[in-house]
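One structure is given below, encoded as structure tokens.
Number of protein chains: 2
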Amino acid sequence: MEKNAVRIKDIAAKANVSVGTVDRVLHNRGRVSEEVRQKVLLMMQELDYEPNMMARTLGSNRTYRLAVIQPDHTLDPYWQGPRDGLDKAARELKPYGIGVTVYSYSLTQVDSFVAQATAATLSRPDGILVAPLFYRESLAFFAQWQQQGIPYVLFNTYIAELQPLSYVGQDSYQSGFLAGKLVRFGQPQPGTFLIAHIAEDIANSVHVTQKERGFRDYFAQLAPARNGPAPGPREHPDKIISIDLPDPADPSFARQLNRLLDDEQAQLRGIFVSTSKAYEIAPYLQANRREDIRLVGYDLLEKNIHFLNENVIDFLINQNPKEQGYWGIFALADRLVFKKKVLPLKYLPLDIITKENLQYYVGK
Amino acid sequence: MEKNAVRIKDIAAKANVSVGTVDRVLHNRGRVSEEVRQKVLLMMQELDYEPNMMARTLGSNRTYRLAVIQPDHTLDPYWQGPRDGLDKAARELKPYGIGVTVYSYSLTQVDSFVAQATAATLSRPDGILVAPLFYRESLAFFAQWQQQGIPYVLFNTYIAELQPLSYVGQDSYQSGFLAGKLVRFGQPQPGTFLIAHIAEDIANSVHVTQKERGFRDYFAQLAPARNGPAPGPREHPDKIISIDLPDPADPSFARQLNRLLDDEQAQLRGIFVSTSKAYEIAPYLQANRREDIRLVGYDLLEKNIHFLNENVIDFLINQNPKEQGYWGIFALADRLVFKKKVLPLKYLPLDIITKENLQYYVGK
DNA sequence: TTGTTTGGAGTGTGCGCACACGCAAAAATT
DNA sequence: AATTTTTGCGTGTGCGCACACTCCAAACAA
Numbered sequence: 000m001e002k003n004a005v006r007i008k009d010i011a012a013k014a015n016v017s018v019g020t021v022d023r024v025l026h027n028r029g030r031v032s033e034e035v036r037q038k039v040l041l042m043m044q045e046l047d048y049e050p051n052m053m054a055r056t057l058g059s060n061r062t063y064r065l066a067v068i069q070p071d072h073t074l075d076p077y078w079q080g081p082r083d084g085l086d087k088a089a090r091e092l093k094p095y096g097i098g099v100t101v102y103s104y105s106l107t108q109v110d111s112f113v114a115q116a117t118a119a120t121l122s123r124p125d126g127i128l129v130a131p132l133f134y135r136e137s138l139a140f141f142a143q144w145q146q147q148g149i150p151y152v153l154f155n156t157y158i159a160e161l162q163p164l165s166y167v168g169q170d171s172y173q174s175g176f177l178a179g180k181l182v183r184f185g186q187p188q189p190g191t192f193l194i195a196h197i198a199e200d201i202a203n204s205v206h207v208t209q210k211e212r213g214f215r216d217y218f219a220q221l222a223p224a225r226n227g228p229a230p231g232p233r234e235h236p237d238k239i240i241s242i243d244l245p246d247p248a249d250p251s252f253a254r255q256l257n258r259l260l261d262d263e264q265a266q267l268r269g270i271f272v273s274t275s276k277a278y279e280i281a282p283y284l285q286a287n288r289r290e291d292i293r294l295v296g297y298d299l300l301e302k303n304i305h306f307l308n309e310n311v312i313d314f315l316i317n318q319n320p321k322e323q324g325y326w327g328i329f330a331l332a333d334r335l336v337f338k339k340k341v342l343p344l345k346y347l348p349l350d351i352i353t354k355e356n357l358q359y360y361v362g363k
Numbered sequence: 000m001e002k003n004a005v006r007i008k009d010i011a012a013k014a015n016v017s018v019g020t021v022d023r024v025l026h027n028r029g030r031v032s033e034e035v036r037q038k039v040l041l042m043m044q045e046l047d048y049e050p051n052m053m054a055r056t057l058g059s060n061r062t063y064r065l066a067v068i069q070p071d072h073t074l075d076p077y078w079q080g081p082r083d084g085l086d087k088a089a090r091e092l093k094p095y096g097i098g099v100t101v102y103s104y105s106l107t108q109v110d111s112f113v114a115q116a117t118a119a120t121l122s123r124p125d126g127i128l129v130a131p132l133f134y135r136e137s138l139a140f141f142a143q144w145q146q147q148g149i150p151y152v153l154f155n156t157y158i159a160e161l162q163p164l165s166y167v168g169q170d171s172y173q174s175g176f177l178a179g180k181l182v183r184f185g186q187p188q189p190g191t192f193l194i195a196h197i198a199e200d201i202a203n204s205v206h207v208t209q210k211e212r213g214f215r216d217y218f219a220q221l222a223p224a225r226n227g228p229a230p231g232p233r234e235h236p237d238k239i240i241s242i243d244l245p246d247p248a249d250p251s252f253a254r255q256l257n258r259l260l261d262d263e264q265a266q267l268r269g270i271f272v273s274t275s276k277a278y279e280i281a282p283y284l285q286a287n288r289r290e291d292i293r294l295v296g297y298d299l300l301e302k303n304i305h306f307l308n309e310n311v312i313d314f315l316i317n318q319n320p321k322e323q324g325y326w327g328i329f330a331l332a333d334r335l336v337f338k339k340k341v342l343p344l345k346y347l348p349l350d351i352i353t354k355e356n357l358q359y360y361v362g363k
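Chains as they are written, first to last, in numbering that gives the first Met the number 0: chain A, 0 to 363; chain B, 0 to 363.
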């Protein structure tokens, strides 16, 4: 094997030109007659030439600087995941001349996002990976990068507005849809199902509203068709409510939650927490011994894992934070270094995590 | 970045020797005085030298031949997965001088395994990746490879007997345990649960017996402790039975299966198929409209996906066949080419697949 | 003594490619 | 017609490393 690897030299010989000429058509450096150009191109096709990337990066001493803009991982544990992933990618890609700089902003302060995004832009990077949690404020930056010709990749939150090179992350809608299934599955009787947002600025967060839409749609499609041949064994007059909880430190958090749990009428059978903060709800269920209420949330944070093992949380959906960082960086590398075409959408799987399969996802 | 990459030239300068000398200590070629050797080693540590793998493979024209021994993918669709995965790995590793040859044997014929394994051994490969479905017949080969110093990696089936370089695949026991959870989850009433083996030589297949053990243990640990403080809200006098079905083409397959399904007394609530052949059972459930019987099986084969979408199969556990092939090859490459230490056990996740998250696993 | 081996080091070439440079012929300008 | 400029192409060097080769002096044998 490998003996038959086609080199530039082979193309040159077959086309009766020098390696310099082949190099010129390969990189569109001009200074080649159209006639020769076509011949070289043909020979390349015939021999099925594939450049040797190792020799290429070794030969050209070019380096690439990538900027990552994401929430500070010391303020919210979730963001440690993407951080780990992009660090891993950075390590693997270092020999290819890729360097990564992280600009972290505060999840709760819009202006810190603007400041960091501005700093990243001013560093004039060769590519940008960004988690655009703030919808409105992101748009202007996209426009600027697009104009400057800097490729940028989105992760975690998908904003279609200005075409990014790629989006890496979950399909939020389907993610909510799946949550509906998990919260409903195996429950023989109809009831009320709650979708809880914790300390989220819903209006400015595409991400979360799509999850809610998916969740509601799951129940909608469950309802038997009006004129269906035979109505299913059970009807589904389930009631879906959603609530916008404040920061858990706020006393009204407990107040609002307890009011819901104490409402005997409601027949509350399941709660879906739209972010990775299911561990904020879990203690209330555990304290009141509400094993009858199904709890579904996101991500394998330490606290979530605790309540999963205690059977308070029933399912977690893994958003694959680490993979998001990893593949985000790789999307940029594929474009810049390897010159491969990059898929505009890279949906990561919706991993269903239970107590029984947890261990194989934790260190991943 | 990357400007600070340490080269062997830098070490040479710092140790006041030539690059040739550094090369000699790097590869233990001898012909270096102990004194100088120590100095060079020290400088390497101080500068935190990491060899540039690209330059290394480019410089040394060494190639590696890997042999893969696995069931023929044209005879059983499952094995297309590992095949795809190892092909992908082979493509990525080709520039590193790695070539892969596949020796495929027939799942049902022991002697074809022996023949292919023999052929692979005679080709004197630099490394071997093997799916040792036949327990007894595998042992002799392991011993031989060990003696010849050929590193070998197991996948799909774990046999601890003679330490392989690594095992890549699922934890079969935990896989069965999870299947127990999935088949039982949300069913309010106790009943009978069936574990079905289809056309398997149980006695010679570690793999499948471990799955059964895990499955049974799930139910065992569900039963409330004898002297527990308070017996749970429901007791679990579930009954677990297992059955050894013949090839589905055999008329007794249908006979045995129908007898089980028609037994009103049994209260059959769930079936766990221990291999990827859940699609052989599904038609019987569908024909008899037995929506009350939970069906859990393995792998995203086309036929399984069909019945998952029809709600006949409730859950599939993805054995990640593609990843098994991919990481199996990489384990060998890590050892041979990159000289990294290889984990002796690489457990792949137990992906839970439902209709709702299926799409993100299919093309993976 | 003169050869011969051997230990301990340095030098040189090539891997496949990028890129700067050189040089002649053709085309454009004066 | 003499010049500059442009076009079209070939050559040479270096990237970091492996590996064969060379060289020299000391140890040893004859």
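We put the CB at the ideal spot given by N, CA and C, even for glycine.
This structure is a prediction, so every number in the text was calculated from the model and none was measured.
In angstroms, rounded to a whole number, what distance separates the CA positions of residue i and residue j?
i         : j         : result
A/Ile-351 : B/Arg-183 : 16 Å
B/Phe-443 : B/Gln-266 : The question about residue 443 of chain B has no answer here: the residues shown for chain B are numbered 0 through 363.
A/Asp-216 : A/Gln-264 : 24 Å
A/Ile-242 : B/Ile-270 : 39 Å
B/Ala-253 : B/Leu-74  : 22 Å
B/Pro-81  : B/Trp-144 : 22 Å
A/Val-341 : B/Phe-314 : 32 Å
B/Arg-334 : B/Pro-343 : 11 Å
A/Trp-78  : A/Ala-330 : 19 Å
B/Ala-277 : B/Leu-256 : 13 Å
B/Pro-76  : B/Leu-300 : 7 Å
A/Tyr-63  : A/Gly-126 : 8 Å
B/Asp-262 : B/Gly-185 : 23 Å
Tell whether a beta-carbon distance below 8 Å holds between residue i and residue j.
i         : j         : result
B/Gln-220 : B/Gly-175 : no
A/Ser-137 : A/Pro-131 : yes
B/Phe-218 : B/Ile-239 : yes
A/Lys-345 : A/Ser-165 : yes
A/Ile-158 : A/Val-336 : no
B/Leu-260 : B/Tyr-283 : yes
B/Val-205 : B/Gly-327 : no
A/Ile-312 : A/Leu-244 : no
What's the call for residue i, buried or exposed, on a 16-neighbour Cβ count within 10 Å?
i         : result
A/Ala-139 : exposed
A/His-305 : exposed
A/Val-361 : exposed
B/His-26  : exposed
A/Gly-29  : exposed
A/Phe-8   : Looking at the sequence provided, one finds Lys at residue 8 of chain A rather than Phe. When all chains shown are included, A/Lys-8 counts as exposed.
B/Asp-170 : buried
A/Arg-268 : buried
B/Ser-275 : buried
A/Leu-181 : buried
B/Ser-273 : buried
A/Gln-147 : exposed
B/Asn-317 : buried
A/Asp-246 : exposed
Once the 5 residues before and after residue i are set aside, which same chain residues still bring their CB inside 8 Å of it?
i         : result
B/Ser-111 : Tyr-104 and Ser-105
A/Leu-161 : Leu-138, Phe-141, Ala-142 and Gln-145
B/Asn-51  : Ala-4 and Arg-6
Here's a check: name, in chain order, each residue in its chain whose Cβ is nearer than 7 Å to the Cβ of residue i, leaving out the five neighbours to either side.
i         : result
B/Ile-10  : Val-21, Val-39, Met-42, Met-43, Leu-46 and Tyr-48
B/Val-109 : Phe-133 and Glu-136
In chain order, what residues of the same chain have a beta carbon less than 6 Å from the beta carbon of residue i, not counting five sequence neighbours either side?
i         : result
A/Thr-100 : Ala-66
A/Glu-199 : Val-207
*Of the residues that make up the segment 344 to 358 of chain A, which ones have a beta carbon closer than 9 Å to any beta carbon in chain B?*
Listed in sequence order: Tyr-346, Leu-347, Pro-348, Leu-349, Asp-350, Ile-351, Ile-352, Thr-353, Lys-354, Glu-355, Asn-356 and Gln-358.
*Could you please tell me which residues of the segment 103 to 128 of chain B, in chain order, have their CB closer than 8 Å to any CB of chain A?*
Going along the segment 103 to 128 of chain B in chain order, one finds no residue with a Cβ nearer than 8 Å to chain A.
*Got a sec: which bits of the segment 37 to 69 of chain A sit with their beta carbon under 8 Å from any beta carbon on chain B, in order along the chain?*
Listed in sequence order: Asn-51, Met-52, Met-53, Ala-54, Thr-56, Leu-57, Thr-62 and Arg-64.
*asked:* Output needed in chain order: residues of the segment 183 to 202 of chain A with a Cβ under 8 Å from some Cβ in chain B.
replied: Closer than 8 Å at the C-beta level to chain B, one finds these residues of the segment 183 to 202 of chain A: Phe-184, Gly-185, Gln-186 and Pro-187.
*Taking a Cβ distance cut-off of 7 Å, strictly less, list which residues of the segment 76 to 105 of chain B are near chain A, in chain order.*
Under the 7 Å Cβ criterion, the segment 76 to 105 of chain B contributes Lys-93, Pro-94, Gly-96 and Gly-98.
*Between the segment 274 to 296 of chain A and chain B, which residues of the former have CB atoms less than 7 Å from a CB of the latter, in chain order?*
For the segment 274 to 296 of chain A, which is checked against every Cβ of chain B, not one residue is closer than 7 Å.
*Check distances from the C-beta atoms of the segment 313 to 340 of chain A to those of chain B and list, in chain order, the residues that come in under 7 Å.*
Under the 7 Å Cβ criterion, the segment 313 to 340 of chain A contributes no residue.
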